[in-house]
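Below: the structure, in C-alpha cells.
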Amino acid sequence: MRPDLSVNIAGIRLKNPVLAASGTFGYGTEYADLVDINRLGGLVTKAITLEPREGSPPPRTVETAAGMLNAIGLANVGVDAFIKEKMPLLHKFNTAVIVNVAGSTIAEYVEVVRRLDGCQGIDGLEINISCPNVKQGGFLFGSDPQTAAKVIGETRKVTSLPLIAKLTPNVTDIVSIARATEEAGADAISLINTLLGMTINVETKRPKLANVTGGLSGPAIKPVALVMVWKVAGAVKVPVVGIGGILSGKDALEFLLTGASVVQVGTGNFVDPQCMMKIIHGLEQYCQEKGIAKISEIVGTLEVEK
Amino acid sequence: MSVVQKQGKILSNLEVAPSIFLLNLGLPQVAETAQPGQFVHLRIGPLSDPLLRRPFSIHRTKPEEAKVSILYQVVGRGTKLLSQRCSGEKLDCLGPLGRGFAIPKVAGQFILVAGGIGIAPLIFLAETLLRKMGNGKWEVEKEKRKKMEVVFLMGAASTEYILPESELLSWGAAVEVATDDGSKGHRGPVTDLLTRQMDRSVASCHIFACGPEGMLKEVAQIAGQQKIPCQICLEQRMACGVGACLGCVVKTRSGYRRVCVDGPVFPAGEVIFE
Ligand SMILES: Cc1cc2nc3c(=O)[nH]c(=O)nc-3n(C[C@H](O)[C@H](O)[C@H](O)COP(=O)(O)OP(=O)(O)OC[C@H]3O[C@@H](n4cnc5c(N)ncnc54)[C@H](O)[C@@H]3O)c2cc1C
Ligand SMILES: Cc1cc2nc3c(=O)[nH]c(=O)nc-3n(C[C@H](O)[C@H](O)[C@H](O)COP(=O)(O)O)c2cc1C
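These protein sequence lines map, in sequence, to chains A and B.
With the numbering used here, letter number 223 in the first sequence gets 223, and the count goes up by one each step, no holes.
With the numbering used here, letter number 20 in the second sequence gets 1020, and the count goes up by one each step, no holes.
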C-alpha cells in the first residue's frame, strides 16, 4: 500500500511534508522547466515587502565548507507587483502557496499582510522575523520575545490566513521567542533561517561578500537547525516547520523524528533541482519499509534516554 | 527551448594548455538547442563539498555527435576537482542556461574580443557567425557583402594559450593575437588591437567580448566612444543558475540584473562597471 504523505498544518492541507524554502525558489516559475511543482507539498515565495527592493550589491553569494553565505538583501518586486504579476502564475500550480513577508517596521508587516489577505490563491503567510541581511529587515524583530510577539500579534489582527512565524537562530534563547510567537497567535513556527556568518579573502584582505556578513545555509547548518527544532517542538503546541541543510530523505526524516511536522528545502534546490522529488520519494520508501501508513505518525517519535 | 537536467557522460577531459582543460560531454538535448553565450551549470561531484554547481560557457557544440564542449581554467577547488574527473564518468548538468549573444539581423563586420579563458564562448559564436555567412542566407545589401567578416582578437598571457588560431583561420576568420609577454603577436593588452581595429572598421560593425572585468570595461568604453553596438559576456558568483535566488546580479542602468537569466550577455552600454 502507498503510504499517506499528506499532512495538515496550521489549517493548510499539504500533499506531502516537503516545501521549497523562501528565497531559494523565486516566485515558483523559475524552476518550472526542471521540477514538477505540482508534486511538491508547497512552496514559500521570496520575502515580499511593501515597496520593491533592489537588494544588496554584489557579490551576494559565496560558497563555504558544505554550505554557502548569502546577502541578497530581500530583493523583491514589492507586494503590489507580486499580487498583480506573480500570484496569478503561482495560483496555477496545484500546490500550497505560502507567501513570506518581511518589513522594516511593524506597520510595514501589517500593511503587506493586509494587502495579501484578500488575494486569491494564498494558503498561508510566513512572517519572516529573521532575515540577517538587512539592518531593519526582521532580524531585530526576531531577536527579542516582546518584539517578535508584537509583529505576530499585529499581523494576526488583519488576516484570517494561517500565520507561520519564521525564527532566526541568531539568538540566545530560541524557545522563549517561539513561545512568545505562539502566544501572539502564530499557527505554526518555522525554523531556522540562516546563521550569521562571514568569510574573508586573505589576498585582498576584504570580506568576500559586498555586504560583509551574510546568512549561512546548507548541510553545514543542519545540526544547529536540528537541535533548535528539537527544543522548540518540545516547548510549543503549534506545529513546527523544520529548515536547514536538508538535502536527502534521510535529512528530512531526522527533522520529522525530532518533532518537525513538515520540512522546507532551500540550498538543496541549488545543488540539485530534483532534491525535493528525491526527498519525497525517500520518505515514501521509508514508510513502506517500516510499514508506516501515515507520515505524520513518525513526527516527534525520537527516542532519547532520560 | 527549455532547460534540462541531464547526466552528461564525460567523453574526454584533457589539459590543452597549462591549467586549461577541454571537457567533452555527451549531452544531446543541450547540443541541439544551445546558443552561443549560453552556459551549463555543472555539479562537480556527488558529495556536498564543494556544494554548489559551477557555471561554464558552452565552448562548442556538435549536435550530430550529441556533444557539448567546455573550455575551463583551473582556478580553485571546484575546477581542480573537475579536472580530475575521468572519461566514462557522468556529470550532472543543467542547461542550456541564460541569454546568449543576440545575432545581428544584418551582416557586417563582427569583431570578437577574447581575453584569456573568455575565449570559451566566443569560439561557439565565431563558428555560428561564420556558418551563417557561409550558407549565404544572411540578409545583406549587395554592396556590403564583401565587407562581411569575422575578426577575432585574441588576448592571452603567452603563446601556449593561443589554442584555436588555426581552426579559426580555416573557418575563414581573420585572427589577431596579443600576449602579455609578447611571445606571440602584439605585446600588450588585447584592447590595443581593438583600438587599432577601430581605424579600419566599416559601417555595420558589431563587437562581442568576453574576458576579465577590466578588459570588458575598456572594450565597453571603446565601443561607446565609437558608437558601435557591443555585447559583453559577464561572470558573477552564482548559486541556482535559473533566476530564483537573485544571487548573481550585476549593476546595470536598469538596476541589478541576474547574470544567469537576464545575461550572461548584456549590451555593453547597459552595464555599470565599478
Ligand atoms: C556564466 C558563466 C560562464 C563561465 N564560463 C567559464 C568558462 O567557460 N570557463 C572557465 O574556466 N570559467 C568560466 N566561468 C567561471 C567559473 O564558473 C569559475 O572559475 C568557477 O566557478 C570557479 O570554481 P572553483 O571552485 O575552481 O573556484 P573557487 O575556489 O570557488 O574560486 C576561485 C575563483 O573563481 C571565482 N569564482 C568562484 N565561483 C564563481 C562563480 N560561480 N562564477 C564566477 N566566478 C567564480 C572566484 O571569484 C575566485 O576568484 C564562468 C562563470 C560564469 C558565471
Ligand atoms: C539565497 C537565499 C535567499 C533566502 N531568502 C530568504 C527570504 O527571502 N526569506 C526567508 O525567510 N528566508 C530566506 N532564506 C533562508 C531559507 O529560506 C532557509 O531558511 C535557510 O536557507 C536554511 O535552509 P537551507 O539550509 O535548506 O538552505 C534564504 C536563503 C538563501 C540561501
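For each residue, glycine too, the CB sits at the ideal point set by N, CA and C.
*DSSP three-state call for B:H1206: helix, strand or coil?*
Strand at B:H1206.
*Roughly how many whole angstroms lie between the Cα atoms of A:L226 and A:L257?*
10 Å
*How about B:V1004 and A:E30: do their beta carbons lie closer than 8 Å?*
no
_Interface positions of the region 57-78 of chain A facing chain B (Cβ-Cβ less than 8 Å), listed along the chain_ = P57, P58, P59, R60, T61, V62, E63, A65, A66, G67, M68, N70, I72, A75
*With DSSP collapsed to three states, give me the class of A:N8.*
strand
*Give the single residue among B:L1112, B:E1274, B:N1024 whose Cα lies nearest to the Cα of B:V1190.*
B:L1112
*Secondary structure, alpha helix (DSSP H): runs of 4+ residues fully inside the region 1219-1248 of chain B*: Listed in chain order, there is nothing to give.
*Can you pull the chain B residues whose beta carbon is under 8 Å from the beta carbon of A:T204, in chain order?*
Within chain B, no residue comes near A:T204; the closest Cβ sits about 14 Å away, beyond 8 Å.
_Proximity winner among B:I1117, B:M1238, B:T1159, relative to B:I1058 (alpha-carbon distances)_ = B:I1117
*Tell me whether A:P223 counts as near ligand 1, meaning its Cβ is closer than 7 Å to at least one heavy atom of that ligand.*
Answer for A:P223: no, Cβ out of range of ligand 1.
*Return helix, strand or coil for B:P1264, following the three-state DSSP convention.*
strand
*Under 8 Å (Cβ pairs) to chain B, residues found in the region 247-281 of chain A*: L247, T267, N269, F270, V271, D272, P273, Q274
*Residues passing the C-beta test against ligand 1 heavy atoms, cut-off 5 Å*: In chain order, the residues positioned with their C-beta nearer than 5 Å to some heavy atom of ligand 1 are B:F1039, B:R1054, B:P1055, B:F1056, B:S1057, B:Y1072, B:Q1073, B:V1075, B:G1076, B:R1077, B:G1078, B:T1079, B:I1117, B:A1120, B:E1235, B:R1237, B:M1238, B:P1264.
*Can A:L167 and A:D187 be called in contact, C-beta distance under 8 Å?*
No. Outside cutoff.
*Can you check whether the CB of B:V1040 is closer than 8 Å to the CB of B:L1122?*
no
*For B:G1247 and chain A, any beta-carbon pair shorter than 8 Å?*
yes
*What three-state label does DSSP hand A:D117 in the structure shown?*
helix
*Rounded to a whole number of angstroms, what is the C-alpha to C-alpha distance between A:I129 and A:L34?*
31 Å
*How should B:R1054 be labelled, buried or exposed, when 16 other C-beta atoms within 10 angstroms of its C-beta is the threshold for buried?*
buried
_As a quick exercise: from A:V158, A:G118, A:A180, A:I122, pick the residue whose alpha carbon is nearest that of A:F141._
A:A180
*Quick one: what's got a C-beta closer than 8 Å to A:G197's C-beta in the same chain, skipping five residues either side?*
T64, L69, T213, G214, G215, L216
*Between which two residues does the beta strand (DSSP E) harbouring A:L216 extend?*
Per DSSP, A:L216 belongs to the beta strand (DSSP E) from 214-217.
*Residue environment, A:D251, which counts as buried when at least 16 other CB atoms sit within 10 Å*: So A:D251 counts as buried.
*asked:* Considering only the alpha carbon of each residue, which of A:I127, A:P52, A:I243, A:I280 lies closest to A:E85?
replied: A:P52
*What's the C-alpha gap between A:W230 and A:A260?*
8 Å
*Cβ-heavy atom distance between A:T24 and ligand 2 below 7 Å?*
Yes, ligand 2 has a heavy atom inside 7 Å of this Cβ.
_Using a Cβ-Cβ cutoff of less than 6 Å, which residues in the same chain neighbour A:V77 once the five nearest sequence positions on both sides are dropped?_
These residues qualify, in order along the chain: P52.
*Name, please, each residue of chain A whose Cβ falls closer than 8 Å to the Cβ of B:Q1236.*
P58, P59
*Residues bridged to B:R1099 [DSSP beta-bridge criterion]*: B:P1264
*For the alpha helix (DSSP H) containing A:E154, list its first residue and its last residue.*
145-157
_Quick check on A:A235: does DSSP put it in helix, strand or coil?_
Per DSSP, reduced to three states, the secondary structure at A:A235 is coil, with no helix or strand assignment.
*May I ask you to list the residues that DSSP assigns as paired with B:M1215?*
Looking at the DSSP assignment, B:M1215 forms no beta bridge with any residue, so it has no partner.
_At the 8 Å Cβ level, is B:V1242 part of the contact set with chain A, yes or no?_
Taking CB atoms only, B:V1242 has a neighbour in chain A less than 8 Å away.
_Neighbouring residues, chain B, relative to A:P219 (Cβ below 9 Å)_ = The answer, in chain order, is S1048, D1049, L1051.
_Starting from B:E1015, trace the beta strand (DSSP E) in both directions and tell me its first and last residue._
1004-1017
*Nearest-angstrom Cα distance between B:R1237 and A:A47?*
21 Å
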